[in-house]
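Numbering (the numbering used here), first residue to last: 163 to 329. All remarks here apply to the structure that follows.
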């Protein structure tokens, strides 16, 4: 069955165990009703879309891990620029980069949505199928991760080649 199948079965077993132990009977019935609706939606989407979703989620996961590793290397490079307390400086850089990145992304998305007629975009999104909306969301996430990774790589490369004496 493989690792993925075993992981999925473990997840299902964990959810069922949690429901049996902690949930009240009416919530268990509601869970199974919602699960039936979900499975009918998945069946309606089609196997081709499900396979492409899995591939896109896998690529997004890899991009996310690579981005995190590159951000960690950038923070360690920034920490090496300090004379004392390099670990503390690297940790501060990690916190600072996350705060700055979140503020930049929030400013970009709020700026985009405040200056664009959302009626037209909303109509465009509503005209797309549910499957297309999911594909666009996943591909947008991949694009954002790739851009972040490229920025982290370029900054790390600049620090390592121009600011640190690695001889």
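Even glycine gets a Cβ: it sits at the ideal position worked out from N, Cα and C.
Exercise for the section: State yes or no: is the C-beta of residue 311 within less than 8 Å of the C-beta of residue 225? Expected result: Between residue 311 and residue 225, the C-beta spacing is below 8 Å.
Practice task
Report back the beta-carbon spacing between residue 233 and residue 259 to the nearest angstrom; my notes put them in contact at under 8 Å.
Solution key: In this structure, residue 233 and residue 259 form a Cβ contact; the two beta carbons are roughly 6 Å apart against a cut-off of 8 Å.
Problem - Three-state class that DSSP yields for residue 163 in the structure shown - result: Residue placement at residue 163 is poorly supported in this model, since its pLDDT is 48, which falls under 50; the coordinates are not used for a value here.
Problem - Secondary structure of residue 247, DSSP reduced to three states - result: The answer is coil: DSSP assigns residue 247 none of H, G, I, E or B.
Problem - Check whether residue 297 and residue 218 have beta carbons under 8 Å apart - result: Using a Cβ distance threshold of 8 Å, residue 297 and residue 218 count as a contacting pair.
Handout entry: Pair within 8 Å by beta-carbon distance, residue 325 and residue 250
Key = Taking 8 Å as the cut-off, the Cβ atoms of residue 325 and residue 250 do not count as close.
Handout entry: residue 310: first and last residue of the uninterrupted alpha helix (DSSP H) it sits in
Key = Note, residue 310: alpha helix (DSSP H), 292-320.
Problem - Under 8 Å between C-beta atoms of residue 222 and residue 300 - result: For residue 222 and residue 300, yes; Cβs fall inside 8 Å.
Exercise for the section: Could you check the C-alpha separation between residue 333 and residue 191 for me, to the nearest Å? Expected result: Nothing about residue 333 can be read from this structure; the chain reaches only from 163 to 329.
Exercise for the section: Just the C-alpha distance for residue 194 and residue 304, rounded to the nearest angstrom, thanks. Expected result: Rounded to whole angstroms, residue 194 to residue 304 spans 33 Å at the Cα level.
Problem - Assigned exposure category for residue 240 - 16 Cβ within 10 Å defines buried - result: Buried.
Practice task
Whole angstroms is fine: what's the gap from residue 213's alpha carbon to residue 205's?
Solution key: Their backbone Cα atoms lie some 12 Å apart in a straight line.
Exercise for the section: In angstroms with no decimal places, state the Cα-to-Cα distance between residue 185 and residue 179. Expected result: Distance between the alpha carbons of residue 185 and residue 179 is about 10 Å.
Practice task
Could you tell me if residue 163 is buried or exposed, where buried requires 16 or more neighbouring beta carbons within 10 angstroms of its beta carbon?
Solution key: Because residue 163 carries a pLDDT of 48, less than 50, the predicted location of this residue cannot be relied on, and the following value inherits that uncertainty. So residue 163 ends up on the exposed side.
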